[in-house]
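Residue numbers (the working numbering): 4 to 334.
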């Protein structure tokens, strides 16, 4: 049985159930890298130039950790998920970068997802990916349909039950979270309601964000994340803030920020990686919208490999204390 390695980084959090179901339906065994560690970050950082963004360094560290565990490593190039809307260049060149900087890795199983080239091209890519395991096109088609349904179920589960990516992955795939959440079930009993806005690979990786969700919930705060809102709500907020989508994953950040600044949250924390150009533009859009509305407080938390845990804790405490004082004044 072929062993397919999937790094626990970047798009893992958004698409793992779909990828896992697809490969297992075709008879492969899926191997997931362990949660991020300092050794992974150090190993990934050593392979690239210093100004490479933190998420890519983490991803490469996960690839290195899988090198002796699998036969192939799955690294997709996700160029576009809708017409005339594109992704950050790191997603476009990820397979080539991985092969270039980690030549000793197992063969890279890559696919090129580009909806802007039409659905027929997407179907061809799915069949090309499936041919690594079977020559039967009907079996590949069935695997693709089953995987897509798993993805829809995953999205629905997160929205219906207000779950994070990690919690939904645990329920669907049986992959346990590093540290169980201590979620505040009743919003009325929460100290404050804090919305986190950012990419899942920053919000969900407890090593690089210093257990952000856990710390907020331990302090009695209710935490909301972008996957807990509907696609319709997200798109409406995107149009309101930017007029339309330009970058796929960046627009999700903007849409979530715009939504939470007007709904449900007492405060919004934007999380971005230092050195990420698209992130800096989109987070500034959210910040400016917050300043115009003068309602819900907004804080941007920038993280990189040298971010100190004590600094993160101090900023979180100051932000939540400020919101608590604001709520007391308004009552």
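All residues carry an ideal CB built from backbone N, CA and C; glycine is no exception. Just so it is clear, the structure is predicted and the values come from calculations on it, not from any experiment.
Among the options, which one has its Cα closest to the Cα of residue i?
{"i": "residue 44", "options": "76, 25 and 11", "result": "11"}
{"i": "residue 86", "options": "147, 221, 110 and 117", "result": "117"}
{"i": "residue 5", "options": "198, 110 and 195", "result": "110"}
{"i": "residue 196", "options": "222, 101, 240 and 91", "result": "222"}
{"i": "residue 66", "options": "134, 100 and 88", "result": "100"}
{"i": "residue 325", "options": "73, 174, 194 and 146", "result": "194"}
{"i": "residue 106", "options": "160, 70 and 312", "result": "70"}
{"i": "residue 54", "options": "122, 150, 314 and 280", "result": "280"}
{"i": "residue 149", "options": "265, 251 and 21", "result": "21"}
{"i": "residue 93", "options": "129, 131, 75 and 51", "result": "51"}
{"i": "residue 267", "options": "60, 227, 16 and 141", "result": "227"}
{"i": "residue 272", "options": "179, 255 and 206", "result": "206"}
{"i": "residue 249", "options": "327, 84 and 156", "result": "84"}
{"i": "residue 147", "options": "159, 130 and 157", "result": "130"}
{"i": "residue 290", "options": "312, 311, 310 and 256", "result": "256"}
{"i": "residue 63", "options": "73, 246, 103 and 121", "result": "103"}
{"i": "residue 132", "options": "242, 313 and 75", "result": "75"}
{"i": "residue 157", "options": "274, 174 and 78", "result": "174"}
{"i": "residue 305", "options": "263, 212 and 143", "result": "212"}
{"i": "residue 262", "options": "125, 320, 295 and 241", "result": "241"}
{"i": "residue 56", "options": "322, 311 and 278", "result": "278"}
Using the DSSP secondary-structure output, state which residues sit across from residue i in a beta bridge.
{"i": "residue 89", "result": "250"}
{"i": "residue 5", "result": "According to DSSP, which records beta bridges pairwise, residue 5 is partnered with nothing at all."}
{"i": "residue 56", "result": "Answer by DSSP bridge pairing: none, since residue 56 is not bridged."}
{"i": "residue 298", "result": "Paired residues: none, contrary to the question."}
{"i": "residue 303", "result": "273"}
{"i": "residue 32", "result": "6"}
{"i": "residue 112", "result": "77"}
So residue i is in the alpha helix (DSSP H); what residue range does that whole segment cover?
{"i": "residue 117", "result": "Element bounds for residue 117: not the alpha helix (DSSP H) but the beta strand (DSSP E), 115 to 117."}
{"i": "residue 160", "result": "140 to 164"}
{"i": "residue 196", "result": "First-last for residue 196: 196 to 200, but that is the beta strand (DSSP E), not the alpha helix (DSSP H)."}
{"i": "residue 227", "result": "Counting along the chain, residue 227 falls outside any alpha helix (DSSP H), though it belongs to the beta strand (DSSP E) covering 225 to 227."}
{"i": "residue 275", "result": "It is not in any alpha helix (DSSP H) - residue 275 instead sits in the beta strand (DSSP E) that spans 270 to 276."}
{"i": "residue 42", "result": "41 to 48"}
{"i": "residue 104", "result": "97 to 104"}
{"i": "residue 176", "result": "168 to 176"}
{"i": "residue 137", "result": "Per DSSP, residue 137 belongs to no alpha helix (DSSP H) and is neither H nor E."}
{"i": "residue 243", "result": "234 to 245"}
{"i": "residue 220", "result": "215 to 221"}
{"i": "residue 211", "result": "It is not in any alpha helix (DSSP H) - residue 211 carries neither H nor E in the DSSP assignment."}
{"i": "residue 264", "result": "Careful: residue 264 lies outside any alpha helix (DSSP H) and carries neither H nor E."}
{"i": "residue 203", "result": "203 to 206"}
Taking the beta carbon of residue i as the centre, do at least 16 other beta carbons fall within 10 Å, making it buried, or is it exposed?
{"i": "residue 276", "result": "buried"}
{"i": "residue 8", "result": "buried"}
{"i": "residue 360", "result": "Any answer about residue 360 is impossible in this case: the structure gives the chain only from 4 up to 334."}
{"i": "residue 113", "result": "buried"}
{"i": "residue 287", "result": "exposed"}
{"i": "residue 89", "result": "buried"}
{"i": "residue 244", "result": "buried"}
{"i": "residue 138", "result": "exposed"}
{"i": "residue 3", "result": "What is shown of the chain runs 4 to 334, which leaves residue 3 out entirely."}
{"i": "residue 265", "result": "exposed"}
{"i": "residue 237", "result": "buried"}
{"i": "residue 252", "result": "buried"}
{"i": "residue 123", "result": "exposed"}
{"i": "residue 152", "result": "exposed"}
{"i": "residue 46", "result": "buried"}
{"i": "residue 179", "result": "exposed"}
{"i": "residue 229", "result": "buried"}
{"i": "residue 218", "result": "buried"}
{"i": "residue 334", "result": "exposed"}
{"i": "residue 79", "result": "buried"}
{"i": "residue 225", "result": "buried"}
Return the Cβ separation of residue i and residue j in integer angstroms, given the expectation that the two are a contact with Cβ distance under 8 Å.
{"i": "residue 82", "j": "residue 95", "result": "5 Å"}
{"i": "residue 48", "j": "residue 308", "result": "6 Å"}
{"i": "residue 40", "j": "residue 208", "result": "11 Å between Cβ atoms; not a contact."}
{"i": "residue 36", "j": "residue 68", "result": "5 Å"}
{"i": "residue 31", "j": "residue 136", "result": "6 Å"}
{"i": "residue 200", "j": "residue 260", "result": "4 Å"}
{"i": "residue 330", "j": "residue 269", "result": "7 Å"}
{"i": "residue 19", "j": "residue 176", "result": "6 Å"}
{"i": "residue 203", "j": "residue 164", "result": "17 Å between Cβ atoms; not a contact."}
{"i": "residue 145", "j": "residue 292", "result": "Not a contact, Cβ separation roughly 44 Å."}
In the DSSP assignment, find the unbroken beta strand (DSSP E) run with residue i in it and report its ends.
{"i": "residue 332", "result": "Taken as a continuous stretch (DSSP letters only), residue 332 belongs to no beta strand (DSSP E), being part of the alpha helix (DSSP H) at 312 to 333."}
{"i": "residue 83", "result": "80 to 83"}
{"i": "residue 77", "result": "75 to 77"}
Is there at least one non-hydrogen atom of the ligand MG closer than 7 Å to the beta-carbon of residue i?
{"i": "residue 281", "result": "With respect to small molecules bound, the structure shown includes none, and the ligand MG cannot be examined in it."}
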